[in-house]
């Protein structure tokens with residue numbers, strides 16, 4: 094049960110729309126439940142340094158099924174798991190990576206967004222993940 | 094002068110159409126002229142081992158402005174540059190990576206395709222690159 | 094649809110029985126369909142240098158859904174994909190890695206075996222993979 | 094004098110029983126006294142990101158013969174050995190890795206457990222290590 098091509102495209106489209114709405118070009122990475130790259134796009138003008146960050150955020154969220162900033166809480170000095178960010182070849186532990194769950198709540202992958210402030214990245218990633226949820 | 098988001102999406106769409114036409118799901122990577130990831134998609138059912146190969150083919154073609162199989166000729170024993178494939182952190186030197194040129198002939202990036210036979214990969218990559226050329 | 098714990102244990106048990114039958118202690122690695130470690134065992138006396146090889150064979154077979162020696166044919170000089178063995182962080186392209194398919198034929202992972210001659214490794218890996226097939 | 098296959102299986106079985114008792118699927122790695130992988134299992138549903146952590150905890154405990162959290166005390170700022178966690182290719186320095194000693198007290202390897210809270214991981218690792226001790 095992993096993300097489909099159609100789902101990944103819906104996630105990218107939602108992320109791009111959210112990024113356009115705030116006028117910040119983003120790098121957006123979508124990984125499947127096995128932590129393999131499924132789709133990626135870099136909007137025109139997005140920072141080159143953010144490509145690796147978007148990929149790292151998606152990897153971190155897919156590996157653990159948590160938002161990246163939650164892993165950041167675990168891994169900080171004084172947290173439950175200091176140094177956790179050094180495992181798995183290096184994690185990215187600030188906001189902008191969000192697990193992707195299908196309508197039934199199953200983990201199907203993760204999205205990572207980077208290019209703006211951390212708050213902007215998180216906002217766009219949340220909008221992207223919402224694309225797989227049933228609309229109210 | 095590097096590939097735009099719109100151009101990259103046109104390249105992906107052309108690659109997917111060509112892959113669908115032969116019934117082989119592909120991994121398709123688009124890099125810009127600076128050899129940075131611009132867009133990627135994995136069609137449903139495409140081999141996991143081909144993700145890295147698609148990325149490697151696009152990198153090889155973008156770095157040198159040649160089709161990957163041409164770099165293969167240079168790098169083979171008896172070629173002009175034996176061992177070339179070990180440079181740049183490792184190249185992929187069989188067919189399926191093609192430089193992307195705009196209508197005026199300028200190098201704007203490269204596409205790498207992997208998932209089928211080498212001949213199928215090359216066919217899909219050529220179709221993808223043609224998407225940026227003026228139609229006759 | 095990936096390998097379960099019970100399936101992985103059945104694969105290990107079949108591999109150990111086949112290794113015992115020929116009197117050669119083996120390293121046996123089982124990966125899931127997402128190419129992540131599911132189970133591993135090193136029989137007493139098995140070579141230390143074969144741990145990494147067993148893991149590499151399983152990775153190679155899981156990434157491509159082919160026996161490792163088939164990937165070896167593709168990647169050799171004069172093959173369709175010379176240098177293929179350098180992709181994906183390095184592949185192991187001699188026999189002893191076999192895809193794992195469930196009764197319905199779906200790819201659920203791979204097994205890699207190392208510790209004896211290549212022919213012995215291949216024999217044990219085939220016996221291991223057969224554990225997931227319906228008995229005649 | 095290193096861990097045997099039979100001992101490693103006893104350690105895995107004890108860990109799985111302890112994990113089942115608290116209802117948390119775990120990744121469990123057993124290394125020998127030479128810090129080489131001896132056995133591993135991932136219970137169904139255990140986090141993918143915890144595979145590397147279980148391996149890292151077992152490595153850390155096997156390298157030094159201490160529980161991982163003790164290495165954490167040494168390595169933290171103000172500890173006796175700040176930066177110790179960066180040695181040996183990276184250590185994991187929170188609880189869940191425990192040295193394995195035979196009945197006579199000799200170090201025969203280590204077990205690393207990851208998948209739950211740090212307290213849960215530590216509890217399961219202690220239960221696993223106890224499997225090699227004479228029963229009262």
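Residue numbers (our numbering), protein chains in the order written: chain V, 94 to 229; chain F, 94 to 229; chain W, 94 to 229; chain U, 94 to 229.
Note that CB positions come from ideal geometry on N, CA and C, so glycine has one too.
1. With DSSP run on the structure shown, which of helix, strand or coil describes residue 207(V)?
2. Any heavy atom of the ligand COA closer than 7 Å to the Cβ of residue 201(V)?
3. Look at the Cβ atom of residue 146(W), then the Cβ atom of residue 185(W), and state whether they are nearer than 8 Å.
4. Compute the distance between the beta-carbons of residue 99(F) and residue 119(F), then report whether it is under 8 Å.
5. For residue 131(U), tell me which candidate among 205(U), 226(U), 109(U) and 211(U) has the shortest Cα-Cα distance.
6. Once DSSP output is grouped into helix, strand and coil, what is the label at residue 122(F)?
7. Who are the near neighbours of residue 203(U) in its chain, counting only those whose CB is closer than 7 Å to its CB and skipping five residues on each side?
8. Leaving out five residues before and five after residue 149(W) in sequence, what residues of the same chain have Cβ atoms less than 6 Å from its Cβ?
9. Can you list, in chain order, the residues of the segment 136-165 of chain W whose Cβ is nearer than 7 Å to any Cβ on chain U?
10. At 9 Å on the CB atoms, spell out the chain W contacts of residue 129(V), in chain order.
11. Under three-state DSSP, which class holds residue 202(W)?
12. Could you tell me which whole beta strand (DSSP E) segments of length 3 or greater appear in the segment 139-199 of chain U?
13. Once DSSP output is grouped into helix, strand and coil, what is the label at residue 105(V)?
14. For residue 144(W), I'd like the list of residues in its chain whose CB is within less than 7 Å of its CB, leaving aside the five on either flank, ordered along the chain.
15. What is the residue span of the beta strand (DSSP E) that residue 130(V) lies within?
16. Since residue 112(V) meets chain F, which of its residues come closer than 9 Å, beta carbon to beta carbon?
17. Which residue's Cα is closest to the Cα of residue 127(W): 128(U), 141(U) and 126(U)?
18. Find the residues of chain U that neighbour residue 97(W), judging by a C-beta separation of less than 7 Å, and give them in chain order.
19. Counting pairs of Cβ atoms below 8 Å between the segment 207-225 of chain W and the segment 172-183 of chain W, do you hit three or more?
20. Examine chain U for any beta-carbon lying closer than 8 Å to the beta-carbon of residue 134(W), and answer yes or no.
21. Do residue 221(W) and residue 108(W) count as a contact pair if the criterion is CB distance below 8 Å?
22. Whose C-beta lies closer than 7 Å to the C-beta of residue 112(F) among residues of the same chain, with five residues either side of it excluded?
23. Excluding the 5 residues preceding and the 5 following residue 105(W) in the sequence, name in chain order all residues of the same chain whose CB lies nearer than 7 Å to its CB.
24. Under three-state DSSP, which class holds residue 226(F)?
25. Which value, in whole angstroms, describes the spacing of the CA atoms of residue 168(W) and residue 187(F)?
26. Helix, strand or coil for residue 117(F) per DSSP?
27. When the cut-off is 8 Å and only beta carbons count, does residue 186(U) lie next to chain V?
28. Taking Cβ positions only, does residue 174(F) come closer than 8 Å to chain W?
29. What residues in its chain sit with their C-beta under 7 Å from that of residue 195(F), if we drop five residues either side in the sequence?
30. Would you report the Cα separation of residue 219(U) and residue 129(W), rounded to the nearest angstrom?
31. For residue 95(V), I'd like the list of residues in its chain whose CB is within less than 7 Å of its CB, leaving aside the five on either flank, ordered along the chain.
32. Should residue 198(V) go down as buried or exposed, given a rule of 16 or more other Cβ atoms within 10 Å for buried?
33. Can you give me the Cβ contacts of residue 160(W) inside the same chain, cut-off strictly under 6 Å, excluding the 5 residues immediately before and after it?
34. Within this structure, are the beta carbons of residue 166(F) and residue 172(F) separated by less than 8 Å?
In brief:
1. DSSP, reduced to helix, strand and coil, places residue 207(V) within a strand of the structure shown.
2. Of ligands this structure carries none, so the ligand COA is not represented either.
3. Yes, the pair counts as a contact, with Cβ atoms nearer than the cut-off.
4. no
5. 205(U)
6. strand
7. The residues are 124, 151, 154, 155, 190, 191, 192 and 193.
8. 185
9. For the segment 136-165 of chain W, the set of positions with a beta-carbon nearer than 7 Å to some beta-carbon of chain U reads 136, 137, 141 and 144 in chain order.
10. 127 and 128
11. strand
12. For the segment 139-199 of chain U, whole beta strand (DSSP E) runs of length 3 or above, ordered along the chain, are 190-194.
13. helix
14. 120 and 135
15. 130-135
16. Within chain F, no residue comes near residue 112(V); the closest Cβ sits about 11 Å away, beyond 9 Å.
17. Of all alpha-carbon atoms in 128(U), 141(U) and 126(U), the one lying nearest the alpha-carbon of residue 127(W) is that of 141(U).
18. The answer, in chain order, is 137.
19. no
20. yes
21. yes
22. 118, 119, 136 and 217
23. 121, 123, 132 and 134
24. coil
25. So the two alpha carbons sit approximately 10 Å from each other.
26. coil
27. yes
28. Output row for residue 174(F): interface = no.
29. 201 and 225
30. Their backbone Cα atoms lie some 25 Å apart in a straight line.
31. Closer than 7 Å at the Cβ level, and outside the excluded window around residue 95(V), lie 125, 126, 127, 201 and 202.
32. Classification of residue 198(V): exposed, given that the 10 Å Cβ count is below 16.
33. 191
34. With respect to the 8 Å criterion, residue 166(F) and residue 172(F) are classified as neighbours on the basis of their beta carbons.
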